[in-house]
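Asks: Provided herewith is a single structure, encoded as structure tokens, for subsequent inquiry.
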Ligand code: SAH
Ligand code: SF4
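Residue numbers (the working numbering): 35 to 413.
What follows is the structure in structure tokens.
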């Protein structure tokens, strides 16, 4: 069996080189070829000894997930559907803005946490992504963006303006948010190994401030992240009290709000930013009243934070409506008047279903898979 080198961070690649009788500096060379220059073919790695190239081409590979489709929205948002085998697909989304290019990365096929307003949650859990499948999204995006900026196709104005300013054409992605499909802290080891690569100067060289993990609030894993690899933190709060959050984010029954906020404050002692971003999905007549906003202000009084209000993105059968623009404005103003910093997320990539919570990919969940297998068996 060949070894997929996309699965390794710097330390693991160094260990691998030792195992096959190579010096540590080979790991650094490999890291740069694979991640910085986006190469998958050992024969293009010109400063590797010929013998090593021959050897690696037999025992190793660089195998990112395969791209099944590539959509570009009118506003320049770009979405890739990547195959992760067994008929499953995951999505990653690139959002170009004037001064940054953010990639929204998936961490699992489906999600077990079943938040009531999330299409990924509705699909159930299938499996964790491997390191190669997580970092492969970034590998792929940088390669695809480099290719399209070189030939000038596909990109619209917004994306082109951003790309024309990118200093390093190999690294068009300047920010990563772990806000695609899945709960990153449920896939801790693989996500953290991928984070190592995002931060490594020989790989993607992103600063800790520009890599954000978003979590629904798995407290023990949050404490481990603080020790192992503190990056910027976003927490999906979505409700100002336990009764409501229990309904929207069921993991709250295990890790209630007060304990979660205490974990956030612990996290901040090691974090690269001095605030937590609270995400708050705006659901019509569910969590969007002035009373909810006031309760929220009291709740976060001792926790340095910013708010990101996300207008609910609808999907078939969700059972929820997006709050009105007026309700969002009033809610935002209550927070602002209390001295909080608040942004309202712009909905991007509307025409290609690339918004938060809409990333459906293709997930054959266990129940459906079982049903399918049973249907096939009786054919
Ligand atoms: N599992 C992680 C990260 C992925 S979801 C988490 O829950 O934080 C990224 C953000 O999108 C989360 O804040 C999530 O609650 C939110 N979200 C999920 N479904 C949504 C929807 N339909 N509309 C708007 N935001 C949604
Ligand atoms: Fe999972 Fe996040 Fe969706 Fe909740 S919002 S079901 S944690 S992906």
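The C-beta atom is built at its ideal place from N, Cα and C for all residues, glycine as well. Being a predicted model, the structure only gives us computed values, none of them experimental.
Using only Cβ atoms and a threshold of 5 Å, which residues come within that distance of a heavy atom of the ligand SF4? Order them by chain position.
Replies: The set, ordered by position in the chain, is 145, 147, 149, 152, 154, 155, 217, 250.
Asks: Using alpha carbons as the reference points, say which of 154, 360, 79 lies closest to residue 347.
Replies: Looking up residue 347 in the chain shown gives position 313. Among 154, 360, 79, the Cα nearest to that of residue 347 is on 154.
Asks: In the DSSP assignment, the beta strand (DSSP E) including residue 298 goes from what residue to what residue?
Replies: Along the chain shown, read from residue 1 onward, the residue named residue 298 stands at position 264. Segment 291-302 is the alpha helix (DSSP H) holding residue 298; no beta strand (DSSP E) there.
Asks: Contact defined as beta carbons within less than 8 Å: I believe residue 420 pairs with residue 38. What is the distance between those atoms, to the nearest angstrom?
Replies: What the structure shows of the chain is the stretch from 35 to 413, and residue 420 is not part of that stretch, so it cannot be assessed.
Asks: Quick check on DSSP: helix, strand or coil for residue 186?
Replies: Within the chain shown, the letter at position 152 stands for residue 186. Because the pLDDT of residue 186 is 48, which lies under 50, any placement of that residue in the model is unreliable, and the number read from its coordinates should be weighed accordingly. Three-state DSSP puts residue 186 in coil, outside helix and strand.
Asks: Using 8 Å as the threshold, is the stretch 162-174 in touch with the stretch 288-299, meaning 3 or more CB pairs across them?
Replies: The answer is no - the stretch 288-299 does not touch the stretch 162-174, with fewer than three Cβ pairs under 8 Å.
Asks: Report yes if the C-beta of residue 118 is less than 8 Å from at least one heavy atom of the ligand SAH; otherwise report no.
Replies: As a first step, residue 118 must be located in the chain shown, where it is residue number 84. No, the beta carbon of residue 118 sits no closer than 8 Å to any heavy atom of the ligand SAH.
Asks: Can you tell me the Cβ-Cβ gap for residue 151 and residue 352, rounded? I've got them flagged as a contact below 8 Å.
Replies: If you number the chain shown from 1, residue 151 lands on position 117. If you number the chain shown from 1, residue 352 lands on position 318. Confirmed, Cβ separation roughly 6 Å.
Asks: Give me, in chain order, the residues of the same chain whose beta-carbon lies closer than 8 Å to that of residue 35; leave out the 5 immediate sequence neighbours on both sides.
Replies: Here residue 35 refers to the residue found at position 1 of the chain shown. Excluding sequence neighbours, residue 35 sits near nothing in its chain.
Asks: What are the boundary residues of the beta strand (DSSP E) that includes residue 49?
Replies: As a first step, residue 49 must be located in the chain shown, where it is residue number 15. From DSSP, residue 49 is part of no beta strand (DSSP E) but of the alpha helix (DSSP H) over 44-53.
Asks: Does the pairing of the stretch 125-139 with the stretch 317-334 give three or more beta-carbon distances under 8 Å?
Replies: Result no; under three Cβ-Cβ pairs closer than 8 Å.
Asks: Could you tell me if the beta carbon of residue 345 falls within a distance shorter than 8 Å of some heavy atom in the ligand SAH?
Replies: To locate residue 345, count along the chain shown from 1; it is residue 311. True, at least one ligand heavy atom lies under 8 Å from that Cβ.
Asks: How big is the Cα-Cα spacing for residue 112 and residue 383?
Replies: Position 78 of the chain shown holds residue 112. Position 349 of the chain shown holds residue 383. Whole-angstrom Cα-Cα distance: 7 Å.
Asks: Can you give me the Cβ contacts of residue 204 inside the same chain, cut-off strictly under 8 Å, excluding the 5 residues immediately before and after it?
Replies: As a working note, residue 204 is residue 170 in the chain shown. 70, 71, 72, 176, 180, listed in sequence order.
Asks: Would you kindly work out how many angstroms separate the C-alpha atoms of residue 263 and residue 284, rounded to a whole number?
Replies: Translated into the one-based positions of the chain shown, residue 263 becomes position 229. Translated into the one-based positions of the chain shown, residue 284 becomes position 250. Looking at the two C-alpha atoms, the distance is approximately 26 Å.
Asks: Identify whether residue 161 lies in helix, strand or coil by the three-state DSSP scheme.
Replies: The count along the chain shown starts at 1 and reaches residue 161 at position 127. DSSP places residue 161 in strand when its eight states are reduced to three.
Asks: Among 341, 229, 298, 82, which one has its Cα closest to the Cα of residue 254?
Replies: Within the chain shown, the letter at position 220 stands for residue 254. The candidate whose alpha carbon is nearest that of residue 254 is 298.
Asks: May I have the straight-line CA-CA distance separating residue 49 from residue 259, to the nearest angstrom?
Replies: Against the chain shown, residue 49 aligns to sequence position 15. Against the chain shown, residue 259 aligns to sequence position 225. Approximately 23 Å between the Cα atoms of the pair.
Asks: Residue range of the alpha helix (DSSP H) that residue 365 falls in?
Replies: For the purposes of this step, residue 365 is taken as residue 331 along the chain shown, with counting starting at 1. It spans 359-371 - the alpha helix (DSSP H) in which residue 365 sits, taken as one unbroken run.
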